[in-house]
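Colleague: Before I ask anything, let me first share the structure, which is written out below as structure tokens.
Numbering (this note's numbering), first residue to last: 19 to 273.
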């Protein structure tokens with residue numbers, strides 16, 4: 019895989035359009051409790067992209083677009099440092115990114131999403147794009163929807179469904195990936211959920227309705243060793259999902 023911003027225009031121009039997928043990482047800038055940076059989702063997307071860029075692909079090429087830092091995160095409104103785009107603006111940004119690459123001849127696209135609040139909007143965008151451009155193939159990958167929790171159940175202490183935000187999972191990964199950005203002097207009571215209990219999250223929750231600290235989970239359970247296990251599995255599963263998508267898409271176009 020290649021990072022687009024590290025390539026010359028000639029290198030990109032030489033890529034085989036019939037077997038190249040353009041990957042668009044997208045994160046978010048939003049509160050992650052007292053102990054994690056507001057750029058956690060962005061740093062996750064960057065780390066995953068860098069790891070994937072080191073991997074060889076089988077029968078296809080991949081071009082990693084620069085990570086889009088900002089996303090749709092209205093659920094975290096009211097917490098300092100949370101910067102959300104409107105749904106309209108984010109859709110316009112996504113459309114322009116993909117349109118420009120399509121105009122350069124690329125026909126396979128996928129989003130690498132590290133923020134849950136982007137998921138619904140990405141689903142809408144992908145469906146509408148596929149209808150408008152039947153000559154293209156597009157999908158969206160979220161590490162948290164690819165059997166992530168089931169496969170790692172033995173390594174997650176917090177009950178599934180409780181560790182929603184800035185808890186054991188994300189804190190462990192940040193401790194592993196960027197320990198210098200994890201604040202270790204936070205009062206213990208600010209590292210766990212306030213009134214967020216298993217199965218109690220309303221469908222259209224806002225963070226301030228369920229957590230005073232911004233944490234939904236239990237960051238006290240985090241360990242960098244867990245973070246490595248989580249991160250390695252995420253990258254392995256995404257690499258496999260990308261390969262499966264491309265093998266299927268190329269076979270379909272070849273018929």
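Note that CB positions come from ideal geometry on N, CA and C, so glycine has one too.
(1) Measuring CB to CB, does residue 126 end up less than 8 Å from residue 264?
(2) For the beta strand (DSSP E) holding residue 234, just list the boundary residues, first then last.
(3) Rounding to the nearest angstrom, what Cα-Cα distance links residue 28 and residue 80 in this structure?
(4) Just to confirm my understanding: we take residue 34, look at its own chain, exclude 5 residues before and 5 after, and list those with CB closer than 8 Å. What are they?
(5) Name the residue from 98, 76, 63 whose alpha carbon lies nearest to the alpha carbon of residue 42.
(6) State the Cα-Cα distance for the pair residue 161 and residue 242, rounded to the nearest angstrom.
(7) What do you get for residue 201, buried or exposed, if any count of 16 or more other CB atoms within 10 angstroms of its CB means buried?
(8) Less than 7 Å between C-beta atoms, sequence neighbours within five positions excluded: which residues of the same chain meet that for residue 124?
(9) Rounded to a whole number of angstroms, what is the C-alpha to C-alpha distance between residue 87 and residue 262?
(10) Can you check which of these residues, 68, 157, 96, 20, is closest to residue 227 by C-alpha distance?
(11) Enumerated in chain order, which unbroken segments of the alpha helix (DSSP H) with a length of 4 residues or greater are wholly contained in the segment 116-161?
(12) Can you tell me whether residue 260 is helix, strand or coil according to DSSP?
(13) Could you check whether the segment 112-119 touches the segment 66-75, counting it as contact only if at least three pairs of C-beta atoms, one from each stretch, sit closer than 8 Å?
(14) Could you tell me whether the segment 192-209 touches the segment 243-251, using the rule of 3 or more Cβ pairs below 8 Å?
(15) If the criterion is Cβ atoms closer than 8 Å, does the pair residue 184 and residue 50 meet it?
(16) Please report the distance separating the alpha-carbon of residue 177 from that of residue 26.
(17) Where does residue 31 land, buried or exposed, given buried means 16+ other C-beta within 10 angstroms?
(18) Under a three-way DSSP split, which group does residue 40 fall into?
(19) In three-state terms, what does DSSP make of residue 21?
(20) From what residue to what residue does the alpha helix (DSSP H) around residue 172 run?
(21) Looking at the C-beta of residue 144, does it have a partner C-beta in chain C at a distance below 8 Å?
(22) With DSSP as the reference, please indicate the residues paired to residue 47 in a beta bridge.
(23) Taking 8 Å as the threshold (C-beta atoms), are residue 239 and residue 188 in contact?
(24) Hey, out of 225, 67, 141, whose CA is closest to residue 256's CA?
Modeller: Let me spell this out:
(1) yes
(2) No beta strand (DSSP E) holds residue 234; DSSP gives it neither H nor E.
(3) 16 Å
(4) 79
(5) 63
(6) 19 Å
(7) exposed
(8) 35, 38, 40
(9) 27 Å
(10) 96
(11) 137-150
(12) helix
(13) no
(14) yes
(15) yes
(16) 47 Å
(17) exposed
(18) strand
(19) strand
(20) It is not in any alpha helix (DSSP H) - residue 172 carries neither H nor E in the DSSP assignment.
(21) In the structure shown, chain C does not exist; there is a single protein chain.
(22) 101
(23) no
(24) 67
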